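So the structure is just underneath, and the comments pick up after that.
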Amino acid sequence: MTVDEYGIPASGIVTSGTVADCSQAPLLMEDLEAEAFLADKAYDTNELLDMLKEADITAVIPPVKSRKEHRAYNHELYRARHVIENVFRALKHRRGIAARCASIRL
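FYI, in my numbering the residues of the sequence shown are 888 to 993.
Structure, rendered in structure tokens:
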């Protein structure tokens with residue numbers, strides 16, 4: 888899911904639980920206009936970092952421990968990632984309402 892700086896969802900993709908989140912990032916980046924891309928370590932892939940660099944978008948992704956060369960990232964800007972986490976928290980909090988609505992439609 889992508890959100891703006893206010894936490895308003897812009898786009899999203901629903902996948903099965905076995906699909907890696909980082910594999911969907913290129914699809915979410917289509918038509919993305921942003922100055923920075925904030926994500927957790929799961930998105931630290933060379934493919935995504937190259938795409939962000941090509942699109943002139945700042946990658947704010949902490950490196951995974953297995954990287955041989957740790958790259959720098961903006962720690963202060965990374966703290967703003969809580970905005971997306973709050974969106975997922977709100978969706979999970981309201982999932983009971985969605986489940987009841989889905990069962991009524993059947």
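Every residue, glycine too, gets a C-beta built ideally from N, C-alpha and C. Remember, it's a predicted structure, so these values are computed and weren't measured experimentally.
query: The region 889–905 touching the region 914–921, judged by at least three CB pairs closer than 8 Å; result: yes
query: Alpha carbon of residue 959 to alpha carbon of residue 905, nearest angstrom; result: 30 Å
query: Counted within 10 angstroms of its Cβ, other Cβ atoms place residue 893 as buried (16 or more) or exposed; result: exposed
query: Where residue 897 sits in the DSSP three-state scheme; result: strand
query: Range covered by the beta strand (DSSP E) that runs through residue 925; result: 923–925
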